[in-house]
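In this text, residue positions in the sequence shown follow the numbering used here: the first is 6, and each later residue adds one. Presented below is the structure to which this report refers.
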Amino acid sequence: MIPNYNKVHLKFKLDNISYNFDSLMEVAYSYVKEGEPYQEALGVFLLDWLDKNDYVTVQTSGSTGKPKKLQIKKQAMVNSAIATGDFFNLTPGKKVLNCLPSNFIAGKMMIIRAIVLGLELDMVAPASLPQIDYEKDYDFCAFTPMQLKNFAKYLKSIKTVIVGGGRVSNSIKELIKDKKPKVYETYGMTETVSHIAIKKINNFDGTESDNYFKVMPNIKLSVDDRSCLVIDAPKLSDDTIVTNDIVKIHSDTEFEWLGRYDNVINTGGIKVYPETIEEKLQDKIPEQFFVTAQEDDTLGERVIMLIEGEKRTLDNAIFDDLEKYEKPKEVYFVNKFIDTASGKIHRAKTLNSI
6 MIPNYNKVHL KFKLDNISYN FDSLMEVAYS YVKEGEPYQE ALGVFLLDWL DKNDYVTVQT
66 SGSTGKPKKL QIKKQAMVNS AIATGDFFNL TPGKKVLNCL PSNFIAGKMM IIRAIVLGLE
126 LDMVAPASLP QIDYEKDYDF CAFTPMQLKN FAKYLKSIKT VIVGGGRVSN SIKELIKDKK
186 PKVYETYGMT ETVSHIAIKK INNFDGTESD NYFKVMPNIK LSVDDRSCLV IDAPKLSDDT
246 IVTNDIVKIH SDTEFEWLGR YDNVINTGGI KVYPETIEEK LQDKIPEQFF VTAQEDDTLG
306 ERVIMLIEGE KRTLDNAIFD DLEKYEKPKE VYFVNKFIDT ASGKIHRAKT LNSI
């Protein structure tokens, strides 16, 4: 039987304390009134989850446009939690850690998984290096790429890690390649109620591919005339989800992510994917950077790069692995990038700042 969204699992614990529906409502009120900032955000979400509505209002991150609010069915969140629980064997009583903000879908889903599946959830304040009890063992945790990078040497205390909210760089993969815990990069968005596909990024056994995302059960994939991913996930959304992610589908269950349609650069009639260039350069530029375009009278658009930090001279040799049309025509240094509310680079606003 599929659990209903208005039920709290008998084995659910929050910070080592058991709660039922009524007592969870009480602690949510106390968090809103007198909790730390991260607890206040948790309390607000719990009150939304425990009210009589069959939906919660969730805000998108705003990394590719203006942030917007969406109404997501609570039962869809339950279905997503069950799919993740089945895949990662998250059975009642297992211990999970949440160090993501409760304002956005990834953090919300960590909470719902615990409530629905009967997990023992520890909450810590979101930070680039979460302050946790490093002697305590956990079965499951979700990180951002920055958190994973900073937490890499402590991974021995967590059995399974998922990472999302941005591409995982080769340098981070190098840090975790031989770590005992299994680490998976995720693909998803607010509209898909967290991840709908995963990709293992360490501890390969020689048979697994690290190039393709593998979709969760009950997900059907296709592409539109832009080569952008179209997702049919009836248990998560009543509507077909049309994304702006350009992909290459390799099978019914596997796809390769190439970049964002919003970011594609048409330079002299040739389409260039900034994310592909960034991946080639990510181990050659220590600072945070991204590739984008400016209008050009001759080419239509020209490739440029923005680097966060003080201006310095770059060795042109770092661009040797790029195709001729991929090489930036100009490099700009920006003291501080502009971020979205969820901590991602806001490319458009940062570009406008120069």
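From the three backbone atoms N, C-alpha and C, an ideal C-beta is built for every residue, glycine too. Values in this document were obtained by computation on a predicted structure and should not be read as measured data.
Residue i vs residue j beta-carbon contact at 8 Å
i, j, result
"F295", "I350", "yes"
"K113", "F17", "no"
"E313", "I282", "no"
"V166", "L160", "yes"
"N21", "V13", "no"
"L225", "D237", "Here residue 225 is Lys; the residue named in the question, Leu, does not match the sequence. Going by C-beta atoms, K225 is nearer than 8 Å to D237."
"V173", "I110", "no"
"I201", "V188", "no"
"K79", "Y10", "yes"
"R265", "E280", "yes"
"K154", "L122", "no"
"I323", "I270", "no"
"M128", "N103", "yes"
"F145", "L95", "yes"
"A390", "M115", "This structure does not reach residue 390, given that the chain is present from 6 up to 359, and the question cannot be answered."
"D267", "V247", "no"
"T297", "R352", "yes"
"K219", "K204", "yes"
"P75", "T195", "The residue asked about is misnamed: residue 75 is Leu in this sequence, not Pro. Yes, the Cβ-Cβ distance between L75 and T195 is below 8 Å."
Three-way DSSP call (helix, strand, coil) for residue i in this model
i, result
"S28", "helix"
"T89", "helix"
"T69", "Here the model assigns T69 a pLDDT of 49, short of 50, so the residue's position is not dependable and the matter cannot be decided."
"S358", "coil"
"F342", "coil"
"D53", "helix"
"F335", "Per the sequence presented here, residue 335 reads as Glu, with Phe not at that position. Looking at E335 - three-state DSSP - the assignment turns out to be strand."
"N84", "helix"
"I312", "strand"
"L160", "helix"
"K329", "helix"
"L124", "coil"
"P106", "coil"
"T143", "Reading the sequence as shown, one finds Tyr at residue 143 and not Thr. Three-state result, Y143: strand."
"V228", "strand"
"L2", "No information on residue 2 is available, as it lies outside the stretch 6 to 359 that the chain covers here."
"K12", "coil"
"K285", "helix"
"I236", "strand"
Per DSSP, cross-strand counterpart(s) of residue i
i, result
"M151", "According to DSSP, M151 bridges with nothing at all."
"R307", "Q299"
"Y189", "I167 and K205"
"Q76", "T62"
"H200", "G193"
Closest by C-alpha distance to residue i, when choosing among the options
i, options, result
"V101", "K164, Y143, I116 and M151", "Y143"
"L311", "Q287, K329 and D326", "Q287"
"E45", "D53, A33 and N268", "A33"
"D244", "V228, T197, S256 and Y266", "T197"
"K276", "I117, S85, V308 and G123", "V308"
"L263", "E300, S256 and Y217", "Y217"
"F209", "K354, L356 and K185", "K185"
"N175", "L356, E190 and I163", "E190"
CB contact below 8 Å: residue i versus chain C
i, result
"S85", "In summary, chain C is missing from the structure at hand, where a single protein chain is found."
#### Entry: Continuous beta strand (DSSP E) assignments of at least 3 residues falling wholly in the region 242-274
246-254, 259-265 and 270-272
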